[in-house]
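Novice: Protein chains in written order, with UniProt numbering: chain A, 1 to 387; chain B, 1 to 387. Got a structure for you, questions after.
Protein chains: 2
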Amino acid sequence: MSSKEPKSTPLFKPTLILHGGAGALKRSTLPPSLYTQYQTSLLTYLRATHHLLQTGTSALDAAVHAVTLLEDDPLFNCGRGSVFTSAGTIEMEASVMVTSIDARSEPIKRGAAVSGLRNVRHPILLAKECLLRPGAADDGSMHSQLAAPYVEEKARAWGLEFKPDEWFWTRRRWDEHLRRRVGSFSQGTVGCVCLDGCGNLAVATSTGGLTNKWPGRVGDTPSFGAGFWAEGWDEHEVFASGAGWGACLGWDLGSWSVRRGVRRLVAVSGTGDGDSFLRVAAARTACAMVRFGGARSLAGAVAAVAGPGGELQRSAGGRWGAGEGEGGIIGIEVLVEVDEEGLPVSGRLGRGTVVFDFNCGGMWRAWVEEDGDGKEIENVMVFRGPY
Amino acid sequence: MSSKEPKSTPLFKPTLILHGGAGALKRSTLPPSLYTQYQTSLLTYLRATHHLLQTGTSALDAAVHAVTLLEDDPLFNCGRGSVFTSAGTIEMEASVMVTSIDARSEPIKRGAAVSGLRNVRHPILLAKECLLRPGAADDGSMHSQLAAPYVEEKARAWGLEFKPDEWFWTRRRWDEHLRRRVGSFSQGTVGCVCLDGCGNLAVATSTGGLTNKWPGRVGDTPSFGAGFWAEGWDEHEVFASGAGWGACLGWDLGSWSVRRGVRRLVAVSGTGDGDSFLRVAAARTACAMVRFGGARSLAGAVAAVAGPGGELQRSAGGRWGAGEGEGGIIGIEVLVEVDEEGLPVSGRLGRGTVVFDFNCGGMWRAWVEEDGDGKEIENVMVFRGPY
Numbered sequence: 001m002s003s004k005e006p007k008s009t010p011l012f013k014p015t016l017i018l019h020g021g022a023g024a025l026k027r028s029t030l031p032p033s034l035y036t037q038y039q040t041s042l043l044t045y046l047r048a049t050h051h052l053l054q055t056g057t058s059a060l061d062a063a064v065h066a067v068t069l070l071e072d073d074p075l076f077n078c079g080r081g082s083v084f085t086s087a088g089t090i091e092m093e094a095s096v097m098v099t100s101i102d103a104r105s106e107p108i109k110r111g112a113a114v115s116g117l118r119n120v121r122h123p124i125l126l127a128k129e130c131l132l133r134p135g136a137a138d139d140g141s142m143h144s145q146l147a148a149p150y151v152e153e154k155a156r157a158w159g160l161e162f163k164p165d166e167w168f169w170t171r172r173r174w175d176e177h178l179r180r181r182v183g184s185f186s187q188g189t190v191g192c193v194c195l196d197g198c199g200n201l202a203v204a205t206s207t208g209g210l211t212n213k214w215p216g217r218v219g220d221t222p223s224f225g226a227g228f229w230a231e232g233w234d235e236h237e238v239f240a241s242g243a244g245w246g247a248c249l250g251w252d253l254g255s256w257s258v259r260r261g262v263r264r265l266v267a268v269s270g271t272g273d274g275d276s277f278l279r280v281a282a283a284r285t286a287c288a289m290v291r292f293g294g295a296r297s298l299a300g301a302v303a304a305v306a307g308p309g310g311e312l313q314r315s316a317g318g319r320w321g322a323g324e325g326e327g328g329i330i331g332i333e334v335l336v337e338v339d340e341e342g343l344p345v346s347g348r349l350g351r352g353t354v355v356f357d358f359n360c361g362g363m364w365r366a367w368v369e370e371d372g373d374g375k376e377i378e379n380v381m382v383f384r385g386p387y
Numbered sequence: 001m002s003s004k005e006p007k008s009t010p011l012f013k014p015t016l017i018l019h020g021g022a023g024a025l026k027r028s029t030l031p032p033s034l035y036t037q038y039q040t041s042l043l044t045y046l047r048a049t050h051h052l053l054q055t056g057t058s059a060l061d062a063a064v065h066a067v068t069l070l071e072d073d074p075l076f077n078c079g080r081g082s083v084f085t086s087a088g089t090i091e092m093e094a095s096v097m098v099t100s101i102d103a104r105s106e107p108i109k110r111g112a113a114v115s116g117l118r119n120v121r122h123p124i125l126l127a128k129e130c131l132l133r134p135g136a137a138d139d140g141s142m143h144s145q146l147a148a149p150y151v152e153e154k155a156r157a158w159g160l161e162f163k164p165d166e167w168f169w170t171r172r173r174w175d176e177h178l179r180r181r182v183g184s185f186s187q188g189t190v191g192c193v194c195l196d197g198c199g200n201l202a203v204a205t206s207t208g209g210l211t212n213k214w215p216g217r218v219g220d221t222p223s224f225g226a227g228f229w230a231e232g233w234d235e236h237e238v239f240a241s242g243a244g245w246g247a248c249l250g251w252d253l254g255s256w257s258v259r260r261g262v263r264r265l266v267a268v269s270g271t272g273d274g275d276s277f278l279r280v281a282a283a284r285t286a287c288a289m290v291r292f293g294g295a296r297s298l299a300g301a302v303a304a305v306a307g308p309g310g311e312l313q314r315s316a317g318g319r320w321g322a323g324e325g326e327g328g329i330i331g332i333e334v335l336v337e338v339d340e341e342g343l344p345v346s347g348r349l350g351r352g353t354v355v356f357d358f359n360c361g362g363m364w365r366a367w368v369e370e371d372g373d374g375k376e377i378e379n380v381m382v383f384r385g386p387y
């Protein structure tokens with residue numbers, strides 16, 4: 001399983017997770033017909049994206065593809081189903097971030113984000129273009145975050161699709177706008193985290209933002225470390241040192257050591273009250289707990305940030321309960337044993353672990369997981385227990 | 001020193017640090033006359049801000065005031081001395097973030113940021129207004145990040161000062177613009193971190209961004225966790241437990257414990273290659289190392305991120321040396337011993353520790369520190385050693 005082998009040899013069993021928004025969802029206000037619509041959409045997009053990963057599509061392309069499907073679906077608050085600002089306009093945001101088991105691959109950028117977009121059919125494709133065009137030779141830049149309108153000119157030059165205002169207008173979002181209430185936390189920001197067969201991990205996130213937000217409000221979706229994050233690092237451990245315990249026992253064993261370690265990859269996407277995500281840097285904080293804080297798993301860290309009583313909830317203090325601090329996070333964690341040169345140690349096909357948690361009524365999510373026999377099961381859920 | 005005492009009783013000796021930009025500064029390209037200009041400006045603003053803190057001004061007001069002085073000084077890349085975009089326009093960014101030793105004070109917002117500003121004389125004052133107007137009753141919002149132009153309308157309504165394009169035009173920045181090179185890392189983004197007598201810690205940061213950046217490029221200055229961060233938390237430790245070592249010794253001491261701990265506050269401001277700061281969430285990462293990673297001090301964490309060979313430098317990989325990954329961070333750390341109720345334990349006047357590090361040629365910085373006799377010394381430096 002050395003990375004010197006051709007890329008066509010899969011190192012990992014591909015896996016993925018999607019989210020379609022989190023908030024004050026309740027059984028009493030989610031009729032079966034609406035539940036079925038969400039469930040059908042999420043299952044369809046999960047299946048299509050899983051198929052792409054299984055047939056060799058990269059994590060970045062697969063995650064972005066999943067989000068384009070969600071952006072075209074008016075059920076979700078992104079792309080076509082985006083909420084309106086207080087001025088009755090639509091301003092969309094999106095981001096991508098990537099990491100890889102191959103520590104020697106130095107991607108020119110690890111993430112890119114766009115905000116304030118109007119009429120761009122697929123904001124997530126524009127974020128991806130910004131990531132993949134790192135320099136003047138590609139008509140791009142090294143900029144990580146780009147706000148409209150100039151980046152829309154670039155989008156036209158790069159051949160991205162635009163749609164008129166009417167295409168984005170939906171009765172449901174317009175009614176929410178007319179109610180003149182800021183918020184609507186069950187708004188359906190979307191995200192997807194994918195692990196591909198080569199050990200690349202990617203996260204893609206897209207949103208219309210907050211209902212009746214001020215024009216120009218920037219949320220967590222295009223903000224590094226708030227609504228999204230991806231990171232990889234090595235943890236090396238000297239398992240035994242002759243000089244160390246030889247001296248301790250009074251023996252002279254000479255100096256020797258066995259250096260072994262793991263490479264860890266994490267990627268997460270958040271949804272909920274974006275301002276709280278910003279104020280606690282939710283996505284980066286969860287990953288920092290794993291990298292620096294000795295959190296045994298990403299699952300534990302995600303719970304400590306986005307689970308009940310976690311960092312996001314505590315950030316709202318006495319204002320908890322009216323939407324502030326509410327939200328959820330999805331993610332994938334990968335551990336790979338590496339040798340002294342930092343190359344993956346041979347073994348069975350690697351696995352990624354899908355994780356999620358939320359501190360509010362519900363979070364729309366869909367993922368695949370293996371049962372005891374290694375068979376992959378598709379899941380769609382909104383509450384903690386079954387609908 | 002209980003926080004039940006009136007606010008007029010100082011708990012801390014006020015302290016502060018300013019930065020005026022970091023980059024490929026060299027003795028050979030920094031003539032004495034220019035050095036003296038920077039040195040004089042920084043010392044003047046340091047002294048004025050220190051005086052404010054000593055006479056009871058809050059950390060937020062003092063840090064913001066320091067930055068307004070730097071914004072009016074064409075030496076620095078912010079406000080009046082801002083660099084130009086590729087379109088020959090000026091687009092400014094600023095942010096503020098606060099924390100406090102009083103864990104029971106739940107500020108409605110902990111930070112606010114603005115970007116893409118034109119003609120606003122003091123972007124930092126607009127960031128502060130956004131922080132201090134948390135709701136509709138104040139003509140504000142709970143939004144954490146606001147991009148122009150709508151927030152400029154608010155700035156007019158709130159009475160902020162605007163200046164025409166000519167006021168912002170400087171020969172030096174225009175010449176840099178005409179050279180058509182993107183970058184200029186010794187650009188002079190500014191920041192200030194202040195600790196006041198009540199134990200409030202505030203950070204204020206302001207910039208014109210990157211020379212010849214694309215219009216709409218968002219840097220690290222208005223991005224939570226990238227170019228700025230402030231945070232406070234409690235670390236409690238059970239110093240002795242009767243049930244624990246009583247059982248160990250075979251004695252029945254009953255169950256008792258002494259709960260003691262510290263409250264820690266950190267605040268940092270960064271300057272340098274903003275895109276690298278974004279890609280490693282530099283400010284939040286440094287503070288996470290202290291909070292979650294057991295870094296003994298903020299100084300160590302700032303070195304691990306912004307010092308030579310640190311996280312920022314490593315993020316540039318093979319592209320290190322042409323500006324990418326270059327920069328520095330300033331900050332203040334505070335530790336307060338607290339009792340079982342979380343209230344500060346009486347004792348001598350508390351101290352904040354000023355910290356900084358950088359991985360490039362130099363970083364303009366000014367700070368106060370106590371000598372052995374408790375006398376406060378003013379410092380201005382640009383290189384590691386004296387000029």
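Note that beta-carbon positions come from the ideal geometry of N, C-alpha and C, so glycine has one too.
For a contact meaning CB atoms closer than 9 Å, what does B:W214 contact in chain A?
Specialist: Residues of chain A passing the Cβ test: S141, H143, L146, Y150, V151 and K154.
Novice: Given 8 Å as the limit, is there contact between the segment 133 to 145 of chain B and the segment 164 to 180 of chain B, that is, 3 or more CB pairs closer than that?
Specialist: Short answer: they don't touch.
Novice: Could you check if B:F162 is buried or exposed, using at least 16 other CB atoms within 10 Å of its CB as the buried criterion?
Specialist: By the 10 Å Cβ count, B:F162 comes out exposed.
Novice: Can you pull the chain B residues whose beta carbon is under 7 Å from the beta carbon of A:G111, in chain order?
Specialist: Result: R279.
Novice: Using C-beta distances below 7 Å, list every residue in its chain close to A:I90, excluding the 5 sequence neighbours before and after it, in chain order.
Specialist: So the list reads S82, F84, R118, F168 and G208, once near-sequence residues are dropped.
Novice: Check the Cβ of A:A226 against every Cβ in chain B and list those closer than 8 Å, keeping chain order.
Specialist: The answer, in chain order, is F224 and G225.
Novice: Where do the N-terminal and C-terminal ends of the alpha helix (DSSP H) with A:M381 fall, by residue?
Specialist: Per DSSP, A:M381 belongs to no alpha helix (DSSP H); it is in the beta strand (DSSP E), E376 to M381.
Novice: So residue 388 of chain B and B:P134 are supposed to be a Cβ contact under 8 Å. How far apart are they, rounded?
Specialist: No answer is possible for residue 388 of chain B: the residues shown for chain B start at 1 and end at 387.
Novice: I'd like to know if B:M289 contacts chain A, where contact means its C-beta is closer than 8 Å to some C-beta of that chain.
Specialist: Judged by the 8 Å Cβ criterion, B:M289 is in contact with chain A.
Novice: By the 10 Å Cβ neighbour count, where 16 or more other Cβ atoms means buried, how is A:Q145 classified, buried or exposed?
Specialist: That one is buried.
Novice: Grab me the residues of A:K4's own chain with a C-beta within less than 7 Å of its C-beta, minus the 5 sequence neighbours each way, in chain order.
Specialist: Note that A:K4 scores 41 on pLDDT, short of 50, meaning its location in the model is unreliable; the coordinates nonetheless yield the value given after this. Taken in chain order, the list of residues that qualify is empty.
Novice: Along chain A, in chain order, which residues have C-beta atoms closer than 8 Å to that of B:S115?
Specialist: A147 and V218, listed in chain order.
Novice: Going by the CB atoms, is the gap between B:L60 and B:L16 shorter than 8 Å?
Specialist: No, they are not a contact pair.
Novice: Could you give the C-beta distance for B:D273 and B:G323, rounded to a whole number, given that I count them as a contact under 8 Å?
Specialist: Between B:G323 and B:D273 the Cβ distance is about 6 Å, and since that is below 8 Å, they are a contact.
Novice: For B:L43, collect the residues of the same chain with a Cβ closer than 7 Å to its Cβ; drop the 5 residues on either side in sequence, then sort them by chain order.
Specialist: Cβ neighbours of B:L43 beyond the five flanking positions: A366, E378 and V380.
Novice: Grab the span of the beta strand (DSSP E) containing B:G20 for me, first residue to last.
Specialist: Segment T15 to G23, the beta strand (DSSP E) holding B:G20.
Novice: Going residue by residue through the segment 157 to 207 of chain A, where are the continuous alpha helix (DSSP H) segments of at least 4 residues, counting only ones entirely within it?
Specialist: The segment 157 to 207 of chain A contains these whole alpha helix (DSSP H) runs: 165 to 168 and 171 to 178.
Novice: For chain B, is any of its Cβ atoms less than 8 Å away from the one on A:R47?
Specialist: Closer than 8 Å: no.
Novice: Out of curiosity, what's the CA-to-CA distance linking B:V334 and B:K13?
Specialist: Rounded to whole angstroms, B:V334 to B:K13 spans 11 Å at the Cα level.
Novice: What in chain A is Cβ-close to B:D275, meaning under 7 Å?
Specialist: What B:D275 touches in chain A: M142, H143 and S144.
Novice: Can you give the beta carbon distance from B:F228 to B:V268, rounded, assuming they're within the 8 Å contact cut?
Specialist: That belief holds up - the Cβ atoms of B:F228 and B:V268 are roughly 7 Å apart, short of 8 Å.
Novice: Between the beta-carbon of B:A299 and the beta-carbon of B:M97, is there less than 8 Å?
Specialist: No.
Novice: Could you give the first and the last residue of the continuous beta strand (DSSP E) run that contains B:D138?
Specialist: That residue, B:D138, is in no beta strand (DSSP E); it is neither H nor E in DSSP.
Novice: For A:A147, which residues in the same chain have their Cβ closer than 6 Å to its Cβ, ignoring the five residues on either side in sequence?
Specialist: Within the same chain, A:A147 has close Cβ partners S115 and G116.
Novice: Give the list of continuous alpha helix (DSSP H) stretches no shorter than 4 residues that lie fully inside the segment 297 to 352 of chain A.
Specialist: Those alpha helix (DSSP H) runs which fall completely within the segment 297 to 352 of chain A and span 4+ residues are 298 to 306 and 311 to 316.
Novice: Does DSSP put A:R263 in a helix, in a strand, or in coil?
Specialist: The answer is strand: DSSP assigns A:R263 an E or B state.
Novice: Helix, strand or coil: which one does DSSP assign to A:R279?
Specialist: Three-state result, A:R279: helix.
Novice: What does A:R284 touch in chain B if you count any residue whose Cβ is under 8 Å from its own?
Specialist: Within 8 Å Cβ-Cβ: G225, A281, R284, T285 and A288.
Novice: Quickly, what does DSSP pair A:F12 with across the bridge? List them, please.
Specialist: DSSP lists A:G350 as partners of A:F12.
Novice: What are the start and end residues of each continuous beta strand (DSSP E) run of 3 or more residues lying completely inside the segment 85 to 122 of chain B, in chain order?
Specialist: Counting whole runs of 3 or more residues, the segment 85 to 122 of chain B contains the beta strand (DSSP E) stretches 92 to 100 and 111 to 117.
Novice: Pull up the DSSP beta-bridge partners for A:F228, would you.
Specialist: In the DSSP output, where bridge partners are listed per residue, A:F228 has A:F224 and A:S269.
Novice: Mapping DSSP to helix, strand and coil, what is A:T36?
Specialist: Three-state result, A:T36: helix.
Novice: What is the C-beta distance between A:V151 and A:L126, in whole angstroms, given that I count them as a contact (C-beta under 8 Å)?
Specialist: That pair is a contact at about 7 Å.
Novice: Hey, is B:E153 close to the ligand GDP, as in C-beta under 7 Å from one of its heavy atoms?
Specialist: Looking for the ligand GDP in the displayed structure turns up nothing, as the structure carries no ligands at all.
Novice: Mind reading off the beta-carbon distance from B:D357 to B:A306? Whole number of angstroms is fine, and I expect it under 8 Å.
Specialist: Yes, they are in contact, since the Cβ atoms of B:D357 and B:A306 sit about 5 Å apart, within 8 Å.
Novice: Go ahead and pull the three-state DSSP assignment for A:T211.
Specialist: If DSSP states are grouped into helix, strand and coil, A:T211 belongs with the strands.
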